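Engineer: Reading the sequence shown from the start, the letters are residues 225 to 321 in the working numbering.
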Amino acid sequence: MCFKKPGPANNFKKTIYLISAIILGLLLSFLAHALIEIKYLSWAGSQGVAVTFHNACALAPWLQIVLWILGALGGFFLGLWWWRWVYVERRWEKKSK
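#1: Whole angstroms are fine: how far does the CA of Q288 sit from the CA of G303?
#2: Can you name the start and end residues of the alpha helix (DSSP H) that V290 belongs to?
#3: Do you know offhand how far L255's Cα is from G295's?
#4: Alpha carbon to alpha carbon, what distance is there between A280 and L265?
#5: What is the residue span of the alpha helix (DSSP H) that F236 lies within?
#6: Cα separation between F236 and A274?
#7: May I ask you to report which of helix, strand or coil DSSP gives R314?
#8: Would you mind working out which of A282, L259, K263, L297 sits nearest L248, comparing C-alpha positions?
#9: According to DSSP, is G231 helix, strand or coil?
Structural data, given as structure tokens:
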């Protein structure tokens with residue numbers, strides 16, 4: 225019931241697929257940002273290092289931007305790979321037979 229064939233590929237589907245993958249990449253980069261910041265604040269607290277906050281964030285602004293860009297690019301390329309895997313090569317269909 226849940227595992228029906230995805231149907232024919234078209235540009236609208238591909239656009240939605242890529243946007244969804246980019247959002248996933250951004251969410252994962254947000255999670256990575258939180259984990260890095262938690263580790264940094266824990267380390268700074270144990271070492272007695274003064275932490276400078278930038279817009280309520282302990283990480284440097286350039287690192288925040290790099291994490292967002294890596295998340296978006298990673299999501300985009302993951303979306304392209306998944307698109308090829310599901311709609312072009314149809315690997316899922318070959319494994320189920």
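Positions of the beta carbon are idealized from the N, C-alpha and C atoms, including for glycine.
As the structure is a computational prediction, the values presented were derived from the model and not from experiment.
Structural biologist: Reading from the atomic positions:
#1: Cα to Cα, G303 sits roughly 23 angstroms from Q288.
#2: Where V290 is concerned, the enclosing alpha helix (DSSP H) starts and stops at 285-307.
#3: The alpha-carbon atoms of L255 and G295 are separated by roughly 10 angstroms.
#4: Looking at the backbone, the Cα of L265 and that of A280 are separated by about 13 angstroms.
#5: Here the alpha helix (DSSP H) through F236 covers 235-271.
#6: Their Cα atoms are separated by approximately 50 angstroms.
#7: Three-state DSSP puts R314 in coil, outside helix and strand.
#8: Looking at the Cα atoms, L297 is the closest of the given residues.
#9: G231 falls in the coil class under three-state DSSP.
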